[in-house]
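Numbering (the numbering used here), first residue to last: 12 to 582.
Contents: one structure, followed by commentary.
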């Protein structure tokens with residue numbers, strides 16, 4: 012989701028907020044607001060020793076994820092970081108956020124640049140689109156004619172052999188899932204769903220990140236999505252075949268909301284770790300992770316542009332996230348992640364001007380860094396994670412999708428609104444999935460009669476029951492379709508899970524082997540340096556050239572190929 016700035020206004024805003032590394036460093040002498048840290052215990056260290064070090068430095072432990080050894084700590088000691096970073100029981104420390112406020116600098120980014128970064132790729136193409144009509148195939152879901160993505164991976168054909176098993180649990184690590192949506196509710200497991208985030212509310216100055224808290228605790232119920240991203244993902248995986256709207260790739264598996272993202276689209280370290288270890292504990296079979304851990308798009312342990320504190324912060328994110336990924340993988344969870352939308356080759360040296368994207372330090376702002384391939388975007392570049400690039404309707408790699416030979420494992424349809432004969436926008440070349448009605452109302456996208464007022468929102472009804480759907484594009488939309496294929500694989504080949512009676516399980520390595528082995532090999536374009544042309548609605552034209560590297564066994568655009576549900580289970 013929060014992956015790339017793609018419009019000129021965003022670029023201008025980013026340039027206006029750039030700061031030198033010196034400006035981005037917080038010193039121990041700055042005012043001591045109550046601040047939240049995450050502290051990673053050293054592997055093998057006595058937890059009691061780590062806790063003593065934290066308390067001696069003036070920290071109060073809020074909670075500890077004992078599976079990973081990650082503690083959430085609050086403190087008013089401005090010297091807390093320096094006091095604990097070299098303790099023999101501590102491996103890493105990372106600043107989380109200022110408690111009870113959204114600082115002005117954070118608000119500027121969250122309210123403007125962040126919103127553009129998070130949504131520009133996914134919602135691009137809304138302007139000037141033509142309203143869509145319902146499909147008329149009586150043997151399919153009403154909107155199935157609009158689901159070109161399902162046709163690309165032969166999902167409907169695969170349903171002749173496997174539609175999924177309710178015992179297969181798919182975890183959606185995202186901004187939440189609207190469990191009341193009529194095209195999600197039949198497959199939504201409310202009992203197992205959890206929210207590991209706390210909304211960051213509007214402060215006394217009116218500055219906001221997540222907006223006002225909807226409940227007193229600022230912890231949304233586990234069947235709510237105030238962003239819409241997670242609901243789209245869940246629907247893509249497992250909307251049921253119920254004569255309403257769309258169908259998911261695996262329409263009979265169970266969806267579990269394991270919320271790790273804020274309403275605003277931020278994903279912090281502690282919720283990510285908690286979500287992953289929870290997935291391992293309850294017997295989740297496959298998880299979708301369409302995000303990166305904030306505040307760093309790339310985590311570097313020794314980048315000379317970063318302060319020592321920032322270097323340790325990034326190292327902590329890498330190590331803690333990897334521990335959580337290992338924990339989940341070792342307990343049978345297949346880990347699948349979006350490759351990201353920066354249009355970068357992750358195997359080359361790049362430039363990042365977006366990090367840190369959430370700042371809890373007065374005067375701090377994003378700054379420009381040179382990023383070598385050794386830096387990691389987490390969780391997508393973690394061990395055991397299957398990374399998914401995005402394709403358009405013609406099967407070309409989407410213009411925004413990241414790529415890289417050895418980085419991308421497989422490709423999957425995520426939409427490309429410029430994948431058209433004349434390189435102009437067509438919203439129907441994005442992907443269509445469920446949209447919370449509450450958001451459509453709040454955004455003025457449906458009228459008082461419940462009818463869509465914008466072309467990117469579609470309504471469908473079965474009798475008196477109506478659902479809303481929206482077009483989005485992105486690698487965030489590609490990975491859940493790969494997840495759906497993985498869920499079909501577990502449904503067909505899994506065995507009873509003795510650790511979790513009533514469930515199914517399958518070795519994640521075997522799931523990955525089948526997913527990759529049955530993907531449709533897709534060669535690099537000819538020539539391999541492919542130029543994308545986009546005629547923007549404002550009248551300007553943008554071009555970009557991406558070079559595909561690799562051969563028959565895999566390449567940087569498609570990995571092992573485009574996932575194929577029919578080949579995966581139709582035998």
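C-beta: ideal position from N, C-alpha, C; glycine also.
Nothing here was measured: the structure is a model prediction, and the numbers come from that model.
Just list the residues that DSSP pairs residue i with in beta bridges.
i: residue 463; result: 457
i: residue 508; result: 514
i: residue 416; result: 419
i: residue 187; result: 236
i: residue 300; result: 184, 348
i: residue 562; result: 565
i: residue 424; result: 402
i: residue 443; result: 482
i: residue 268; result: 183
i: residue 199; result: 266
i: residue 573; result: 422, 531
i: residue 546; result: 435, 552
i: residue 469; result: 480
i: residue 396; result: 346
i: residue 540; result: 558
i: residue 382; result: 361
i: residue 205; result: 269
Going by the beta-carbon positions, is the gap between residue i and residue j smaller than 7 Å?
i: residue 261; j: residue 249; result: yes
i: residue 561; j: residue 416; result: yes
i: residue 176; j: residue 449; result: no
i: residue 78; j: residue 338; result: yes
i: residue 346; j: residue 304; result: no
i: residue 486; j: residue 352; result: yes
i: residue 272; j: residue 210; result: no
i: residue 393; j: residue 323; result: no
i: residue 446; j: residue 481; result: yes
i: residue 583; j: residue 496; result: Nothing in the structure corresponds to residue 583, since the chain is present only between 12 and 582.
i: residue 546; j: residue 554; result: no
i: residue 231; j: residue 206; result: yes
i: residue 365; j: residue 308; result: yes
i: residue 442; j: residue 160; result: yes
i: residue 425; j: residue 489; result: yes
i: residue 294; j: residue 508; result: yes
i: residue 152; j: residue 258; result: yes
i: residue 531; j: residue 563; result: no
Quick one: using the 10 Å Cβ neighbour count with 16 as the cut-off for buried, is residue i buried or exposed?
i: residue 402; result: buried
i: residue 578; result: buried
i: residue 242; result: buried
i: residue 47; result: buried
i: residue 330; result: buried
i: residue 529; result: buried
i: residue 405; result: exposed
i: residue 387; result: buried
i: residue 570; result: buried
i: residue 464; result: exposed
i: residue 66; result: exposed
i: residue 523; result: buried
i: residue 4; result: Limits of the chain in this structure are 12 at one end and 582 at the other, which puts residue 4 out of reach.
i: residue 474; result: exposed
i: residue 141; result: For residue 141, the predicted structure reports a pLDDT of 42, less than 50, and the residue's modelled location is therefore unreliable. The matter cannot be settled from this model.
i: residue 246; result: buried
i: residue 491; result: buried
i: residue 478; result: buried
i: residue 408; result: buried
i: residue 342; result: buried
i: residue 63; result: exposed
i: residue 137; result: Model confidence at residue 137 stands at a pLDDT of 47, short of 50, so the residue's coordinates are unreliable; what they give is reported in the following sentence. Counting Cβ neighbours within 10 Å, residue 137 comes out buried, since at least 16 surround it.
i: residue 566; result: buried
i: residue 400; result: buried
i: residue 519; result: buried
Hey, residue i and residue j are a contact pair by Cβ (cut 8 Å); roughly how many whole angstroms apart?
i: residue 282; j: residue 332; result: With a Cβ gap of about 11 Å, residue 282 and residue 332 do not count as contacting.
i: residue 53; j: residue 93; result: Rounded, the Cβ-Cβ distance is 18 Å, inconsistent with contact.
i: residue 539; j: residue 556; result: With a Cβ gap of about 10 Å, residue 539 and residue 556 do not count as contacting.
i: residue 296; j: residue 203; result: 12 Å between Cβ atoms; not a contact.
i: residue 428; j: residue 438; result: 6 Å
i: residue 235; j: residue 189; result: 7 Å
i: residue 103; j: residue 327; result: 3 Å
i: residue 476; j: residue 173; result: Going by Cβ atoms, the distance from residue 476 to residue 173 rounds to 27 Å, so no, they are not a contact pair.
i: residue 195; j: residue 423; result: Actually they do not touch by this definition, with Cβ atoms about 20 Å apart.
Kindly say whether residue i, judged by its beta-carbon, lies nearer than 7 Å to any beta-carbon of chain D.
i: residue 444; result: Absent here is chain D; the protein component of the structure consists of one chain.
* Only counting runs of 3 or more residues, tell me where the beta strand (DSSP E) segments fall wholly within the segment 46-122, in order along the chain. => The beta strand (DSSP E) runs of length 3 or more contained entirely in the segment 46-122 are, from start to end of the chain, 46-52, 70-76, 81-86, 101-109.
Could you tell me which uninterrupted beta strand (DSSP E) segments, each at least 3 residues in length, are contained entirely in the segment 313-366, listed from first to last along the chain? Qualifying beta strand (DSSP E) stretches, in chain order: 345-349, 361-363.
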